[in-house]
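Undergrad: Mind having a look at this structure? Questions to follow.
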Amino acid sequence: MNLKKFLISFFIISTFVFAETPKEKVDKMLLEAWKYYEQGKYYLMLGKAKKILEYSKKHNIPKGIAEGYYYIGVAYFQLGKINKAIEYANKAIEYSRTQKSYRWKAYAHTLLAEIMLSLGKFDEALKHFKTVLEISEKNNNKRMVPVALINIGNVYFFKKDYENALKYYEKALDKIESIDIRKHYKALANYNVGISYYKLKQYEKSIPYFEKAYEIYMGLGDKKSAVESKFFIAKALTKLNRLEEAKKVIKETEKLAKQTLRYKNFKKLLKTIEEKEKS
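The numbering of the sequence shown is our numbering, which starts it at 59 and goes up by one.
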């Protein structure tokens with residue numbers, strides 16, 4: 059084989075091996091768009107998501123169309139362009155109705171629910187989060203169900219309906235304990251149960267959940283959330299007039315609280331404890 063024929067053969071083989079299908083290209087672009095989200099580069103995410111949608115419509119890639127609408131909605135939401143976010147969340151919902159993938163339906167309804175929650179439209183948020191729960195249960199998605207339950211609990215929590223919030227958080231935690239799921243959700247569910255008990259003035263019951271949340275958050279390296287858990291342990295102990303125990307928690311957490319720029323709240327709590335001791 060002479061040089062010219064070798065070069066031609068190599069070009070044909072390399073084109074065959076490395077050529078990207080439209081679906082593979084969309085998957086790659088979606089990963090790039092999500093990376094922008096994780097980096098907080100929402101304008102770049104928006105631009106990439108628009109290209110995904112345009113390309114996917116041209117090549118009829120359902121995943122790119124469904125997630126394109128969703129990503130555009132997410133980007134607009136993060137940029138504070140609420141009307142546009144609602145528009146694309148609704149487009150994502152409408153498109154997902156024509157598709158078999160229940161995940162796309164769940165993502166779209168979750169986005170619209172989050173937007174409604176941010177606007178204080180609790181009934182609308184509940185409606186969409188409950189739709190996500192129904193979709194998750196119908197498809198027996200054991201990981202999506204507890205997340206949907208947590209989101210419903212969050213709406214009730216924002217409404218200051220702590221009893222209903224607690225009910226959903228406990229349901230979520232019960233399901234989480236029996237499945238393999240990201241530890242972040244386990245920590246969050248424990249923390250949310252704890253904060254609900256705290257708001258209901260059942261301080262004794264709140265402490266074990268905050269302790270568990272602290273343990274998991276520390277294991278994950280999430281020091282800010284870990285410190286927040288310790289802060290509420292100290293607050294609960296203060297409410298129970300177990301002042302020496304509260305001071306011990308504050309002292310043990312002082313270094314970590316200073317590292318995470320959260321010691322100011324602990325210092326205020328310490329003053330409250332000292333005032334209680336004087337009275």
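Every residue gets a Cβ at the ideal spot worked out from N, C-alpha and C, and that includes glycine.
Since we're looking at a predicted model, the values are computed, not measured.
Could you tell me how far apart the beta carbons of Ile274 and Ala294 are, in whole angstroms, since I believe they sit closer than 8 angstroms?
TA: As a working mapping, residue 274 is identified with position 216 in the sequence shown. As a working mapping, residue 294 is identified with position 236 in the sequence shown. That belief does not hold up - the Cβ atoms of Ile274 and Ala294 are roughly 18 angstroms apart, past 8 angstroms.
Undergrad: Could you compute how far the alpha carbon of Glu125 sits from the alpha carbon of Trp162?
TA: What you label residue 125 is simply residue 67 of the sequence shown in a count that begins at 1. What you label residue 162 is simply residue 104 of the sequence shown in a count that begins at 1. The straight-line gap from Cα to Cα measures roughly 7 angstroms.
Undergrad: Go to Arg161, then tell me how far its alpha helix (DSSP H) extends in each direction, as first and last residue.
TA: Taking the sequence shown and counting its residues from 1, the one referred to as residue 161 is at position 103. Where Arg161 is concerned, the enclosing alpha helix (DSSP H) stretches over Tyr160 to Ser176.
Undergrad: Please determine, among Leu278, Tyr134, Lys81 and Glu269, the residue with the shortest C-alpha to C-alpha distance to Phe289.
TA: Your numbering for residue 289 matches position 231 in the sequence shown. It is Glu269.
Undergrad: On a Cα-Cα basis, can you pick out the residue from Phe180, Lys83 and His186 that is closest to Ile151?
TA: Taking the sequence shown and counting its residues from 1, the one referred to as residue 151 is at position 93. Selected option, being the one with the closest Cα: His186.
Undergrad: Express the C-alpha separation of Leu314 and Lys281 in angstroms, rounding to a whole number.
TA: As a working mapping, residue 281 is identified with position 223 in the sequence shown. As a working mapping, residue 314 is identified with position 256 in the sequence shown. For Lys281 and Leu314, the distance between alpha carbons rounds to 7 angstroms.
Undergrad: According to DSSP, is Asn248 helix, strand or coil?
TA: Sequence index remark: in the sequence shown, residue 248 carries index 190 (1-based). Helix at Asn248.
Undergrad: Can you give me the start and stop residues for the alpha helix (DSSP H) that Ile140 sits inside?
TA: Within the sequence shown, numbered from 1, the residue matching residue 140 stands at position 82. Where Ile140 is concerned, the enclosing alpha helix (DSSP H) stretches over Ile140 to Ser154.
Undergrad: Could you spell out where the alpha helix (DSSP H) holding Ser114 opens and where it closes?
TA: Start at 1 with the first residue of the sequence shown, and residue 114 comes out as number 56. From DSSP, the alpha helix (DSSP H) with Ser114 extends over Tyr100 to His117.
Undergrad: According to the Cβ coordinates, are Ala91 and Ile110 closer than 9 angstroms?
TA: Translated into the one-based positions of the sequence shown, residue 91 becomes position 33. Translated into the one-based positions of the sequence shown, residue 110 becomes position 52. Their beta carbons are under 9 angstroms apart, which means Ala91 touches Ile110 by this criterion.
Undergrad: Are the CB atoms of Ser194 and Phe135 within a distance shorter than 9 angstroms?
TA: By one-based count along the sequence shown, residue 135 stands at place 77. By one-based count along the sequence shown, residue 194 stands at place 136. No, the pair does not count as a contact, with Cβ atoms beyond the cut-off.
Undergrad: Three-state secondary structure (DSSP) at Gly131?
TA: Here residue 131 corresponds to residue number 73 of the sequence shown, with the count starting at 1. Note: Gly131 maps to helix in three-state DSSP.
Undergrad: By the 10 Å Cβ neighbour count, where 16 or more other Cβ atoms means buried, how is Gly277 classified, buried or exposed?
TA: Position 219 of the sequence shown, counted from the first residue, corresponds to residue 277. Burial call: exposed.
Undergrad: Under the rule that 16 or more other beta-carbon atoms within 10 Å means buried, what is Tyr101, buried or exposed?
TA: Looking up residue 101 in the sequence shown gives position 43. Classification for Tyr101: exposed.
Undergrad: Tell me whether Gln222 sits in a helix, a strand or coil according to DSSP, three-state version.
TA: One-based indexing of the sequence shown puts residue 222 at position 164. According to the sequence as given, residue 222 is Asn; it is not Gln. Asn222: helix per DSSP, three-state reduction.
Undergrad: Does Arg320 get closer than 9 angstroms to chain B when you measure Cβ to Cβ?
TA: Included in the structure is just one protein chain, with no chain B present.
Undergrad: Determine, using beta carbons only, whether Tyr113 and Ile119 come nearer to each other than 9 angstroms.
TA: Position 55 of the sequence shown, counting from 1, holds the residue named residue 113. Position 61 of the sequence shown, counting from 1, holds the residue named residue 119. Yes; because the gap between Cβ atoms is below 9 angstroms, this pair is in contact.
Undergrad: Rounded to the nearest angstrom, what separates Leu191 and Glu286 at their Cα positions?
TA: Sequence index remark: in the sequence shown, residue 191 carries index 133 (1-based). Sequence index remark: in the sequence shown, residue 286 carries index 228 (1-based). The straight-line gap from Cα to Cα measures roughly 29 angstroms.
Undergrad: Just to confirm the assignment, what range does the alpha helix (DSSP H) spanning Thr318 have?
TA: Along the sequence shown, one-based indexing puts residue 318 at 260. Note, Thr318: premise wrong, no alpha helix (DSSP H); not H, not E.
Undergrad: At a cut-off of 8 angstroms, is Tyr256 close to the ligand GDP when judged by its beta-carbon and the heavy atoms of the ligand?
TA: Only the bare structure without any ligand can be found here, which leaves the ligand GDP out of the picture.
Undergrad: Along the chain, where does the alpha helix (DSSP H) that runs through Thr189 open and close?
TA: The residue you call residue 189 lines up with position 131 of the sequence shown. Unbroken alpha helix (DSSP H) run through Thr189: Phe180 to Lys196.
Undergrad: With a threshold of 16 other CB atoms inside 10 Å of the CB of Ile234, please say whether the residue is buried or exposed.
TA: Looking up residue 234 in the sequence shown gives position 176. So Ile234 counts as buried.
Undergrad: Where Arg201 and Ile308 are concerned, what is the direct C-alpha to C-alpha distance, given to the nearest angstrom?
TA: The residue labelled residue 201 in the question sits at position 143 within the sequence shown. The residue labelled residue 308 in the question sits at position 250 within the sequence shown. When rounded, the distance between both Cα atoms is 35 angstroms.
Undergrad: Do Ala1 and Ala271 have their C-beta atoms closer together than 9 angstroms?
TA: Outside the shown range of the chain, which is 59 to 337, sits residue 1, and nothing can be said about it.
Undergrad: Which stretch, first to last residue, makes up the alpha helix (DSSP H) that contains Asp85?
TA: Position 27 of the sequence shown, counted from the start, is the residue given in the question as residue 85. Note, Asp85: alpha helix (DSSP H), Pro80 to Glu96.
Undergrad: Can you tell me whether DSSP reads Glu235 as helix, strand or coil?
TA: Counted from its first residue, the sequence shown places residue 235 at position 177. Glu235: coil per DSSP, three-state reduction.
Undergrad: Thinking just about the alpha-carbon of each residue, which of Gln97, Tyr153, Lys93 and Pro80 is nearest to the one in His117?
TA: By 1-based counting over the sequence shown, the position of residue 117 is 59. Looking at the Cα atoms, Pro80 is the closest of the given residues.
Undergrad: Who are the Cβ neighbours of Leu224 in its own chain at under 6 angstroms, not counting the five residues just before and after it?
TA: For the purposes of this step, residue 224 is taken as residue 166 along the sequence shown, with counting starting at 1. So the list reads Ser254, once near-sequence residues are dropped.
Undergrad: Mark Lys325 as exposed unless 16 or more other C-beta atoms lie within 10 angstroms of its C-beta, in which case mark it buried.
TA: Sequence index remark: in the sequence shown, residue 325 carries index 267 (1-based). Burial call: exposed.
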